[in-house]
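This report concerns only the one structure given below.
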Amino acid sequence: MTRAQVASYLKYALQGVLYALLITPLLISSKYLFPFITTKTMFFRLLIELAVLIYIALALISEKYRPKMTRLSWLIVIFGSLIFLTGITGVDFYKSFWGTIERGEGFLTLGHLIIYFLLLAWTFKEKKDWLYYLVGLSLVGFFVNLYGLLQRLNVEHFFLFGNIIHSGAGRLSATLGNAAFMGAFTLAQFFICLILFLQKKEWWWRLIFIVFGLLDFFILFQTQTRGALLALLAVTIILSIFYTFKGFDKKRKIIGASILIFVILVTSFILLNRGSNWVKNNSTLNRLVNISAKDITTESRLLAWDTSWKGWKDRFLFGYGWENYNVAFNKYFHAEIFKDSGSQLWFDRAHNTIFDIAVATGIFGLISYLSIFGLALYLLLKNKNKDFDLYLLFAGLLLAHFLQNIFVFDVLSTYIILFSIFAIVSFLTEQQTTLIKTPNRTIKNFNWIIFLIATILIISAAYVFNFKPMKANALGIKAMIANNSGQFNKAIEIFNQAIALGTYQTMEIRQKMADNTVVYAKPQNMSQSDMFNNLQAAATQIKNNITEHPSDVQNYLYLMVINNRLGLFDRKFYDEVIALGDKALALSPTRPQIYFEIGQAKISLGLYQDGIDYFKNALAQYPDAVESHWNLMAAYIIAKQNKLAEEEYNYLVSRNYNFNNADTLNRLINTYLMGNDKEKIAAILEKLVIIEPTGSNYARLAAAYRDLGKKDLARQAVKKAVELEPSLQTEAQKFLELLNQ
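So the sequence shown is residues 0 to 740, counted in numbering that gives the first Met the number 0.
If you want it as C-alpha cells, here you go:
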C-alpha cells in the first residue's frame with residue numbers, strides 16, 4: 000500500500016472523527032452527576048484524543064497535512080497558553096487545570112477545544128469540505144431543536160431520544176439543560192442555516208435550510224433568552240445597514256433596506272404596545288419589553304458584574320486563574336443577591352464573558368480574547384468582496400455570539416460552534432489551497448517510534464482525563480441512588496469508593512456526600528450512632544476539601560453546617576463552628592449564611608445574646624433579606640424574647656410572607672420546639688390541621704394538647720387522627736391509655 004493511499008484512508012478516518020464530534024450537544028445520560036455536562040465532556044475529549052492519534056499518523060505520512068499556523072491560529076494558541084500560565088499564578092491551579100464536574104471545563108477541556116480548532120484547520124483543505132461540515136453542524140442543531148420542540152409539545156417519550164427531560168418555567172433548554180445556553184446555541188445555528196441557504200444553489204437544499212432556520216428562530220424565541228434575542232436584533236440591524244450602503248449591487252441594497260425598515264417597524268410596534276395584553280401574555284415579548292435593573296435576573300447580573308470588577312482590580316494583571324471566579328465572587332459577595340431561601344448564592348461565572356475572562360486571566364488574557372474576535376472580524380470585512388454574503392454573515396455570526404455573551408457564557412456545545420467558525424474564518428481569509436502531493440511510495444520508512452510513543456501517551460491521558468473520572472462520577476450518582484432508597488450506610492461506602500479514585504471530581508463528590516448526609520441523617524431514617532458516624536464521615540471529607548482548596552469558602556460553610564448537626568452529640572463541635580466561621584468570614588465577610596451558622600452554634604451553647612448579635616449582623620448585610628428576618632425571629636423565639644420575635648413576625652407579614660402553608664407552619668413549629676413554647680406549638684398545629692388535615696398532623700396536635708394538660712382536646716384530636724388514618728389505631732390506643740393514667 001502506498002503512502003498516498005494510507006494518507007487518504009487516514010484523512011477520511013480523521014474527518015469521520017471530527018464529524019462524530021458534532022453530535023456532542025445531543026448527549027445526555029442520567030448515569031452521571033450533571034447529566035447534561037458529563038457525557039458531552041467525556042465524549043468530546045475522548046474523540047479529540049483519538050483524532051490526535053490519527054492526525055499524528057497522517058502528518059508523519061503526508062507533508063500536506065502538517066501544521067501550518069495562521070495569525071488567527073497563533074492568537075488562539077496564545078490565549079490558551081495564557082489560561083495555563085494565569086492558572087499557575089492564580090489561587091488554585093488544580094481547579095484551573097482540571098475544572099469542575101458542573102462546567103466540565105478548565106484548561107483541560109479548553110486545551111482539547113484548541114486542538115479541535117487546529118485539527119479542523121489542518122485537515123479540511125477545500126471550501127466544499129467546510130460547507131459539508133457546516134451542514135453537519137446544522138443537522139445536529141436540527142435534532143437539538145427537535146428535542147426542544149418535543150419539550151414544548153409536552154411529549155414524554157420519543158424513539159430517537161427515549162424519555163424527554165422537561166425544562167421548568169416554560170423555557171426550552173432541549174439537550175443543553177439551560178435555556179440561556181440553548182438561546183446561544185440556536186442563535187449561532189440560525190446564522191449557519193442562513194449561510195448555507197445562500198451558498199447552496201439547489202432548491203431542495205434551500206428548502207431544508209429555510210425549515211431549519213425557521214425552527215432555529217422559533218426555538219430561540221421559546222427559550223426566552225433576552226441576551227440572544229437582543230444580539231440577533233442588533234446584528235440584523237447592523238447587517239441591514241451594511242447591505243444597504245455597502246452592497247455592491249442594487250438587489251442587495253434593496254434587500255438590506257427592506258429588512259432594516261421591517262425590523263424597525265416591528266420593533267417600534269411592539270414597544271409602543273408594551274402594555275397590550277398580546278404582549279403581556281407572551282412570555283418572551285413581555286421579558287423583552289420589561290427589562291429593568293430591578294427585575295431579579297437583571298439585578299443579580301448587575302451585582303455580579305460589580306463584584307467582578309472589584310475582584311478584577313485585586314488581580315488586574317493575571318487574574319485569579321481559570322475556574323476560580325467563585326473566590327472573587329465570595330470575597331465581594333453582594334448580600335442583596337440573598338433575598339430569600341431560594342436565591343442563587345454560589346456564582347462560578349459572572350454571566351458576562353468579558354468579566355469572566357478578566358477575573359480569571361487578567362488584562363492580558365482579556366486582550367488576547369478580544370484580539371481573536373477583533374482579528375476574525377477584521378479579516379472577514381477586509382476580504383468581504385471575495386464573497387460578500389458569506390464573509391458578512393460569518394462576521395454577523397461572530398458579532399452576535401460576542402454580544403449575547405455579555406449576558407451569559409460559553410459551554411461545550413457553543414464552544415464547538417465557535418471554534419468551528421474560527422477555523423473556517425482562518426481557512427477563508429488566511430490559508431491557500433495547498434498543492435503539495437503525498438509521495439506515491441511505500442510506508443516502510445514510517446516513524447513507528449514516534450507513533451508508538453504518541454499512542455502510549457494518548458491512551459494514558461484518555462484513562463486519567465476521562466475513564467477514571469467517569470468511574471468516580473458514576474459511583475457518585477450510584478451513592479445518591481442508594482441514599483434515596485434508604486441504604487444510607489452503603490451510600491457512604493460508595494461515596495468513599497468514588498473519592499478514593501483520586502480524580503479531579505473528588506471535591507464535588509465530597510460536597511454531594513455532605514449534601515446527602517445532612518438531608519438524610521435524621522432520627523426517622525437511622526439510629527443515633529449511624530447519624531453520628533455518617534456526619535463524621537462527611538465532615539472528614541469536607542476537611543480534606545478545605546486542605547486541598549483553602550480559598551473556597553463554600554467548603555468552610557459545608558463543614559459548619561455538618562458541625563452544627565454534630566453538636567447535638569458533642570458540644571465541642573459548636574466551638575469548631577465558631578472557629579471555622581472566623582476563617583470563612585475572612586474569605587467572604589458579607590455572606591449572611593456564615594453568620595447564620597455561627598449564630599446557631601452560639602445559641603446552641605446557650606450564649607443567646609451572642610447568637611442574636613450574629614443574626615443581626617447577617618441582617619445588616621442586607622436589611623430587606625426575608626430569610627435573615629426569619630432567622631432573627633427564630634433566635635428571639637429560642638431566647639424567649641417574645642416581643643422582639645413578634646416584631647420580626649409582623650415585619651414578615653408586612654412583606655407578604657406566606658405563613659399559611661404547611662411547610663412554613665412546620666418550620667415555625669420546629670422553632671417553637673427549640674424554644675419549648677408549648678402554647679405556640681399547639682396554636683400553630685391547630686392552623687396546620689386546617690390546611691393539611693392528615694392523621695399524623697392530628698396525632699401531633701393530640702400530643703401538644705397532652706403536654707398542655709388538655710386531655711379532652713387530646714382525645715378528640717387522636718380520635719380524628721384514627722378516622723383519617725386507621726393504621727394509627729394501635730398507637731392511638733397506647734396514647735389514650737397513657738393519657739388516662
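Just so it is clear, CB atoms sit at the ideal spot from N, CA and C, and this is done for glycine as well.
Just reading off the alpha helix (DSSP H) that residue i is part of, what are its end residues?
i, result
"ASN88", "According to the sequence as given, residue 88 is Thr; it is not Asn. Residues 70-88."
"TRP277", "276-279"
"PRO591", "591-603"
"MET525", "No alpha helix (DSSP H) contains MET525, which DSSP labels as neither H nor E."
"THR756", "The structure shown has nothing for residue 756, since the chain only spans 0 to 740."
"GLU201", "No alpha helix (DSSP H) contains GLU201, which DSSP labels as neither H nor E."
"GLY395", "387-403"
"PHE421", "411-429"
"VAL463", "Taken as a continuous stretch (DSSP letters only), VAL463 belongs to no alpha helix (DSSP H), as it is neither H nor E."
"VAL576", "571-586"
"GLU730", "728-739"
"LYS63", "Where LYS63 is concerned, there is no enclosing alpha helix (DSSP H), given that its DSSP letter is neither H nor E."
"ILE336", "Unbroken run through ILE336: none, as it is neither H nor E."
"THR502", "It is not in any alpha helix (DSSP H) - THR502 carries neither H nor E in the DSSP assignment."
"GLY708", "Run containing GLY708: none; DSSP gives neither H nor E here."
"ILE665", "Per the sequence presented here, residue 665 reads as Asn, with Ile not at that position. Note, ASN665: alpha helix (DSSP H), 661-674."
"ALA375", "352-381"
"LEU287", "282-288"
I'd like the list of long-range same chain contacts for residue i, defined as Cβ closer than 6 Å, with 5 residues on each side in sequence excluded.
i, result
"LYS719", "TYR697"
"PHE328", "THR306 and PHE346"
"GLU736", "none"
"ASN404", "THR352"
"TYR423", "Tyr is not the amino acid found at residue 423; the sequence shown has Ile there. TRP129, listed in sequence order."
Identify, in the order they occur along the chain, each residue of the same chain with its Cβ nearer than 8 Å to the Cβ of residue i, setting aside the five sequence neighbours on each side.
i, result
"LEU13", "ALA50, ILE53, TYR54, LEU57, LEU118 and THR122"
"LYS571", "none"
"TYR225", "The question names Tyr, yet the displayed sequence has Arg at residue 225. Result list for ARG225: ARG286, LEU287, ILE290 and PHE406, in chain order."
"THR432", "Confidence is the limiting factor: at THR432 the pLDDT is only 45, short of 50, which leaves the residue's position unreliable, though a coordinate-based value still follows. Only LYS124 and GLU125 meet the Cβ criterion."
Put residue i into one of helix, strand or coil per three-state DSSP.
i, result
"PHE157", "strand"
"ASN488", "helix"
"THR693", "coil"
"THR37", "helix"
"ASP248", "coil"
"GLU126", "The question names Glu, yet the displayed sequence has Lys at residue 126. Helix."
"ILE113", "helix"
"ALA720", "helix"
"LEU606", "coil"
"TYR324", "helix"
"ALA638", "coil"
"GLU104", "coil"
"GLU14", "Note that residue 14 corresponds to Gln in the displayed sequence, not to Glu. In the structure shown, GLN14 sits in a helix (DSSP, three-state: H, G or I)."
"ASN495", "helix"
"GLY318", "coil"
"ASP551", "coil"
"THR432", "Residue confidence for THR432 is low, a pLDDT of 45 falling below 50, so the modelled location carries little weight; the figure read from the coordinates is stated next. Coil."
"PHE406", "coil"
Just to confirm, does residue i get its C-beta within under 8 Å of one of the non-hydrogen atoms of the ligand FAD?
i, result
"ARG714", "The model on display carries no ligand, and the ligand FAD is accordingly not part of it."
Since residue i and residue j should fall inside the 8 Å C-beta cutoff, what is the C-beta to C-beta distance between them, to a whole number of angstroms?
i, j, result
"VAL262", "ILE236", "6 Å"
"VAL517", "ILE561", "6 Å"
"THR243", "GLY255", "4 Å"
"ILE218", "LEU148", "7 Å"
"ALA713", "ALA701", "5 Å"
"LYS489", "ALA481", "5 Å"
"VAL358", "SER550", "14 Å between Cβ atoms; not a contact."
"LEU618", "LEU606", "So it is not a contact: roughly 18 Å between Cβ atoms."
"PHE211", "CYS192", "5 Å"
What residues in its chain sit with their C-beta under 7 Å from that of residue i, if we drop five residues either side in the sequence?
i, result
"ARG348", "TYR324, ASP355 and PHE408"
"ALA633", "THR670"
"ILE541", "ARG509, ALA513, ASN554, TYR557, LEU558 and ILE561"
"GLY361", "THR85, ARG314, PHE315, LEU316, PHE317 and GLY318"
"GLY169", "SER282"
"LEU434", "Interpretation of LEU434 is limited by its pLDDT of 43, a score under 50 that renders its predicted location unreliable; the figure taken from the coordinates is listed afterwards. Answer for LEU434: no residue qualifies."
"GLN150", "ILE163, HIS165, SER166, LEU171 and ALA173"
"GLU48", "ILE457, ALA460 and ALA461"
From the DSSP secondary-structure annotation, give me the bridge partner or partners of residue i.
i, result
"ASN162", "HIS156"
"THR99", "Beta-bridge pairing links THR99 to no other residue."
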